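If you read the protein sequences in the order shown, they are chains A and B.
Those letters in the first sequence? Residues 325 to 448, by my numbering.
Those letters in the second sequence? Residues 29 to 49, by my numbering.
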Amino acid sequence: DSCIQFTRHASDVLLNLNRLRSRDILTDVIIVVNREHFRAHKTVLMACSGLFYTIFTDQMKCNMNIINLDPDVSPEGFRVLLDFMYTSRLSLRDSSIMAVMTTALYLQMEHVVDTCQRFLKTSE
Amino acid sequence: YEGVTTIKEMGRSIHEIPRQD
Chain A
325 DSCIQFTRHA SDVLLNLNRL RSRDILTDVI IVVNREHFRA HKTVLMACSG
375 LFYTIFTDQM KCNMNIINLD PDVSPEGFRV LLDFMYTSRL SLRDSSIMAV
425 MTTALYLQME HVVDTCQRFL KTSE
Chain B
29 YEGVTTIKEM GRSIHEIPRQ D
């Protein structure tokens, strides 16, 4: 018996999901962050964020298609993390790293928080 | 996949969705 493992399958799937997002195909939720609107796929959000997993597995909330985040959340931080969810690439600038970390903490994305903290330590 | 020979394929695995139609 044999099997063929397509080593780049995960990144090919993620690229296609991001293409669907950018063309607004089958997006099923709008995340509102301080009046900025971000369209996305619930399944991708809940696969990447503990907060969205909790929201969309809650019978009372799973059918919501507009979610307003806490007013303290930064739109720039959320944009960086949403792009990360769909690309695996986390862009870090001096001007936004704290907003990204705070937003990641809020979204319950602990691995991103840990990595940002290690990045900060090494860059100090 | 214990005991199964695994061949690694480095090429693209699925179609690529275009940026726009």
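The C-beta atom is built at its ideal place from N, Cα and C for all residues, glycine as well.
None of the values given here were measured: they were computed from a predicted structure.
A residue is called buried when at least 16 other Cβ atoms come within 10 angstroms of its Cβ; Cys440 (chain A) meets this threshold and is buried. Counting only the Cα atoms, Ser335 (chain A) lies some 30 Å from Asn392 (chain A). When the Cα atoms are used, Thr367 (chain A) and Leu341 (chain A) turn out to be separated by approximately 11 Å. Contact fails between the stretch 416-432 of chain A and the stretch 34-41 of chain B, because fewer than three Cβ pairs, one in each stretch, are under 8 Å apart.
Going by DSSP, Lys445 (chain A) is part of the alpha helix (DSSP H) stretching over Glu434 to Ser447. Looking at the DSSP output, Phe362 (chain A) bridges to A:Ile355. Taking a beta-carbon distance threshold of 7 Å, Glu30 (chain B) does not count as an interface residue toward chain A. The Cβ atoms of Met370 (chain A) and Phe362 (chain A) do not sit closer than 7 Å to each other. Note on geometry: alpha-carbon atoms of Gly374 (chain A) and Leu406 (chain A) lie some 14 Å from one another.
His365 (chain A) has a beta carbon lying at 7 Å or more from every beta carbon in chain B.
Exposure of Ile328 (chain A) is indicated by the presence of fewer than 16 other C-beta atoms within 10 angstroms of its C-beta. Along the stretch 327-346 of chain A, going in chain order, the ones with a CB nearer than 8 Å to a CB of chain B are Cys327, Ile328, Gln329, Phe330, Thr331, Arg332, His333, Asp336, Val337, Leu339, Asn340, Arg343, Leu344 and Ser346. Within the stretch 349-362 of chain A, the residues whose Cβ lies closer than 9 Å to some Cβ of chain B are Ile349, listed in chain order. Neighbours of Asp325 (chain A) in chain B, taken as residues whose beta carbon is under 9 Å from its own, are Tyr29, Gly31, Val32 and Thr33 in chain order.
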